[in-house]
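Following: one structure in structure tokens, then a few remarks.
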Amino acid sequence: KLFIEEIDCKGKTVIVRVDFNVPVKDGAVENDKRLRAALPTITRLVDEGAKVVLMSHLGRPKGQRVEAMSLKPVATRLAELLGKPVAFADDCVGPAATDAVANLKPGDVLLLENLRFHKAETDNDEGFAKELAALADLYVNDAFGTAHRAHASTEGITRHIDSCACGYLIKKELDFLGSALTEPKRPFTAIIGGAKISGKIDVIKALLPKVDTLIIGGGMACTFLKAMGKEIGNSLCEEEKLPLAKELLELGKGKILLPTDYLATDRLDFENRAIGSQAFVGEDAIAKDQMAVDIGPKSTQLFADRIEVSKTVVWNGPMGVFEIDASAKGTFAVADALVKATENGGTTIVGGGDSAAAIEKAGLADKVSHVSTGGGASLEFLEGKKLPGVEALS
Ligand code: 3PG
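Numbering (full-length UniProt numbering), first residue to last: 3 to 396.
Structure representation (structure tokens):
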């Protein structure tokens, strides 16, 4: 694959796929992590004297123009981060886009309106991909978060433009995630959490042969507990996945580490961010009218001891209902353990999505080696799947 540093872009128009799918509320960007992550690529192109055309999706507008999903507020925030104006085109194709591109001078930056206002984007429509390609001389993909989608702006476009390169963010993500999988320093510990097993089966299966320890926490731990014949009360359980949980326990004998105690409650009130009665109970003592909402202090210690001495750590998924303060301690303790592992010389990687949100909430995101900007993309990469957006660059 060609890397951004290998392309000569002086005076050229470069169209860059970024992932600016960020939370926007009342016309303002709420979290600009993905914008900041794209700055090295944008700055490099600006400094090289390219005319920079940025394109992204935001949300899932399903081919409709939805004002709440406009990228306009993103252009405003990006201009603040870059310290220079960012032009905005009201559409990503057609006269609005071509006119805006024609007005660019070397070093200028333009952001096109949400690609998914056109259904042709997610359909990976050839005509639409050609229209995007026709806006520029060169294509750079730096949208790691969208690399698992074969869409017109991530895959189709590469067939219609002379030169394609990968940006700094994609390279950094692939370097971290890739070397963890292919040449991990040992011991290698993976921590998988989250509510359901169903979304994580493939990643557990793919990681088991590679890791020394696989820690399982979060709601999905209860399905494993039940598969071991234990009482889990009203805890989350995927009944239909019990045989699979048994199979994974067998497969992961000697490697899988499950919680030994839990924070149990009789009530989970998402709306008011509260839980009912609170008690730490052993893995054998979840009462019929209780549910597990977090791991307990013994498990926290058990997991932390293992994580802190690991030389490679990959974390995907929270340990409990971390959105509620009362049941967030286990997840934050894992975040702390990752920081200690980093201080001890380990490489620590947080897969995107909920665990990235958790480590940010804990204020520790810059104290680990890498926090991925991809939720689904990093999960698919860890599952060993090929990412169409990356493959298309080769
Ligand atoms: C994400 O936030 O995971 C990416 O931007 C991809 O979005 P999508 O799941 O709507 O394709």
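We put the beta carbon where it would ideally sit given N, CA and C, even for glycine. A quick note: this is a predicted structure, and the numbers were derived from the prediction, not measured.
Checklist entry - Can you find a heavy atom of the ligand 3PG that lies under 7 Å from the Cβ of residue 148? => result Translated into the one-based positions of the sequence shown, residue 148 becomes position 146. Indeed, a heavy atom of the ligand 3PG lies less than 7 Å from the Cβ.
Checklist entry - Would you say residue 216 and residue 258 are within 8 Å of each other, going by their C-beta atoms? => result Numbered from its first residue, the sequence shown carries residue 216 at position 214. Numbered from its first residue, the sequence shown carries residue 258 at position 256. In terms of Cβ geometry, residue 216 and residue 258 form a close pair [threshold 8 Å].
Item to check | Ordered list of alpha helix (DSSP H) runs contained in the stretch 313-396, each at least 4 residues | outcome: For the stretch 313-396, whole alpha helix (DSSP H) runs of length 4 or above, ordered along the chain, are 331-345, 356-363, 378-384 and 390-393.
Item to check | Euclidean distance between Cα positions of residue 239 and residue 196 | outcome: Reading the sequence shown from its first residue, position 237 is the one you call residue 239. Reading the sequence shown from its first residue, position 194 is the one you call residue 196. Those two C-alpha atoms are separated by around 12 Å.
Item to check | beta-carbon residue 378 near the ligand 3PG non-hydrogen atom, thresh 7 Å | outcome: Residue numbering aside, residue 378 sits at position 376 when the sequence shown is read from its first letter. Judged by the Cβ position, residue 378 qualifies as a neighbour of the ligand 3PG at the 7 Å threshold, a heavy atom of the ligand being closer than this.
Item to check | DSSP three-state assignment for residue 267, whether helix, strand or coil | outcome: If you number the sequence shown from 1, residue 267 lands on position 265. Looking at residue 267 - three-state DSSP - the assignment turns out to be strand.
Next on the checklist: Runs of 3 residues minimum, wholly inside the stretch 170-195: which ones carry the beta strand (DSSP E) assignment?
Outcome noted: You should have 190-194.
Checklist entry - Using DSSP with H/G/I as helix, E/B as strand and the rest coil, what is residue 15? => result Within the sequence shown, residue 15 is the residue found at index 13, counting from 1. For residue 15, the secondary structure class from DSSP, reduced to helix, strand or coil, is strand.
Checklist entry - Within the chosen definition, does the stretch 250-257 reach the stretch 337-356 through at least 3 CB pairs nearer than 8 Å? => result With the cut-off at 8 Å, the stretch 250-257 and the stretch 337-356 do not touch.
Item to check | Every unbroken beta strand (DSSP E) inside the stretch 239-297 [3 residues or more] | outcome: Restricted to the stretch 239-297, the beta strand (DSSP E) segments that are unbroken, complete and at least 3 residues in length are 263-267, 281-284 and 293-297, listed in chain order.
Item to check | Between the CA atoms of residue 152 and residue 23 - distance to the nearest angstrom | outcome: Numbered from its first residue, the sequence shown carries residue 23 at position 21. Numbered from its first residue, the sequence shown carries residue 152 at position 150. Cα to Cα, residue 23 sits roughly 16 Å from residue 152.
Next on the checklist: Is residue 116 near the ligand 3PG - that is, is its Cβ less than 7 Å away from at least one heavy atom of it?
Outcome noted: To locate residue 116, count along the sequence shown from 1; it is residue 114. No - the ligand 3PG has no heavy atom lying nearer than 7 Å to the Cβ of residue 116.
Checklist entry - Who does residue 5 pair with in a DSSP beta bridge? => result For the purposes of this step, residue 5 is identified with residue 3 of the sequence shown, where counting begins at 1. Paired residue(s): 168.
Next on the checklist: With DSSP as the reference, identify every bridge partner of residue 163, one or two as the case may be.
Outcome noted: As a working note, residue 163 is residue 161 in the sequence shown. Residue 163 pairs with nothing; no bridge assigned.
Checklist entry - Is it the case that the CB of residue 33 approaches a heavy atom of the ligand 3PG more closely than 7 Å? => result Here the question's residue 33 lines up with position 31 in the sequence shown. Result no, Cβ not under 7 Å from the ligand 3PG.
Item to check | Burial state of residue 97 (16 or more Cβ within 10 Å) | outcome: Here residue 97 is taken as the residue at index 95 of the sequence shown, counted from 1. Its Cβ having fewer than 16 others within 10 Å, residue 97 is exposed.
Item to check | Under the three-state DSSP convention, the category residue 156 falls into | outcome: Along the sequence shown, one-based indexing puts residue 156 at 154. Judged by DSSP in its simplified three-state form, residue 156 adopts coil rather than helix or strand.
Next on the checklist: Given a cut-off of 8 Å on the beta-carbon distance, is the pair residue 288 and residue 361 in contact?
Outcome noted: Position 286 of the sequence shown, counted from the start, is the residue given in the question as residue 288. Position 359 of the sequence shown, counted from the start, is the residue given in the question as residue 361. The beta carbons of residue 288 and residue 361 sit no closer together than 8 Å.
Checklist entry - Nearest to residue 82 by CA position, among 30, 122 and 127, is which residue? => result Position 80 of the sequence shown, counted from the start, is the residue given in the question as residue 82. Of the listed residues, the one whose Cα sits closest to residue 82 is 30.
Next on the checklist: Assuming residue 278 and residue 267 are in contact, meaning their beta carbons sit under 8 Å apart, how far apart are those beta carbons, in whole angstroms?
Outcome noted: Position 276 of the sequence shown, counted from the start, is the residue given in the question as residue 278. Position 265 of the sequence shown, counted from the start, is the residue given in the question as residue 267. Going by Cβ atoms, the distance from residue 278 to residue 267 rounds to 5 Å, so yes, they are a contact pair.
Checklist entry - In terms of alpha-carbon separation, which member of 312, 125 and 192 lies closest to residue 210? => result As a working note, residue 210 is residue 208 in the sequence shown. When only C-alpha atoms are compared, the closest one is 192.
Item to check | Any 3 or more C-beta pairs closer than 8 Å across the stretch 123-139 and the stretch 82-92 | outcome: Not touching, per the Cβ criterion.
Item to check | Close-in-space but distant-in-sequence residues of the same chain around residue 254 (CB under 8 Å, 5 per side omitted) | outcome: By 1-based counting over the sequence shown, the position of residue 254 is 252. Apart from the 5 residues on each side of it in sequence, residue 254 sits with its Cβ closer than 8 Å to the Cβ of 206, 210 and 216 in its chain, given in chain order.
Checklist entry - Where do the N-terminal and C-terminal ends of the beta strand (DSSP E) with residue 48 fall, by residue? => result Against the sequence shown, residue 48 aligns to sequence position 46. Membership of residue 48 in any beta strand (DSSP E) is not indicated; the residue belongs instead to the alpha helix (DSSP H) covering 35-49.
Checklist entry - Are there 16 or more other CB atoms within 10 angstroms of the CB of residue 67, so buried, or fewer, so exposed? => result Position 65 of the sequence shown, counted from the first residue, corresponds to residue 67. It is exposed - the Cβ of residue 67 has fewer than 16 other Cβ atoms within 10 Å.
Checklist entry - Between residue 126 and residue 157, which are expected to be in contact by the criterion C-beta below 8 Å, what is the C-beta distance as a whole number of angstroms? => result Walking along the sequence shown from the start, residue 126 turns up at place 124. Walking along the sequence shown from the start, residue 157 turns up at place 155. Confirmed, about 6 Å.
Checklist entry - Is any heavy atom of the ligand 3PG found at a distance shorter than 7 Å from the C-beta of residue 62? => result Indexing the sequence shown from 1 puts residue 62 at position 60. Yes, since a heavy atom of the ligand 3PG falls inside the 7 Å radius drawn around the Cβ of residue 62.
Next on the checklist: Given this structure, state the Cα-to-Cα distance separating residue 64 from residue 92, to the nearest angstrom.
Outcome noted: What you label residue 64 is simply residue 62 of the sequence shown in a count that begins at 1. What you label residue 92 is simply residue 90 of the sequence shown in a count that begins at 1. Using only the alpha carbons, I get a separation of about 17 Å.
Item to check | Segment contact flag, the stretch 336-350 with the stretch 360-380, C-beta cutoff 8 Å, min 3 pairs | outcome: Output reads yes: the stretch 360-380 touches the stretch 336-350.
Next on the checklist: Assuming the contact rule is C-beta atoms closer than 8 Å, residue 373 and residue 358 should be a hit. Round their C-beta distance to whole Å, please.
Outcome noted: By 1-based counting over the sequence shown, the position of residue 373 is 371. By 1-based counting over the sequence shown, the position of residue 358 is 356. The Cβ separation is near 5 Å, so the contact holds.
Next on the checklist: DSSP has residue 55 in a bridge; who is on the other side?
Outcome noted: For the purposes of this step, residue 55 is taken as the residue at position 53 of the sequence shown. 17 and 112.
Checklist entry - From the DSSP output, which residues share a beta bridge with residue 216? => result If you number the sequence shown from 1, residue 216 lands on position 214. Note: residue 216 is bridge-paired with 192 and 258 in the DSSP secondary-structure output.
Checklist entry - Roughly how many angstroms separate the alpha carbons of residue 322 and residue 122, rounded to a whole number? => result Numbered from 1 along the sequence shown, position 320 holds the residue referred to as residue 322. Numbered from 1 along the sequence shown, position 120 holds the residue referred to as residue 122. Near 39 Å, if we compare the C-alpha coordinates of residue 122 and residue 322.
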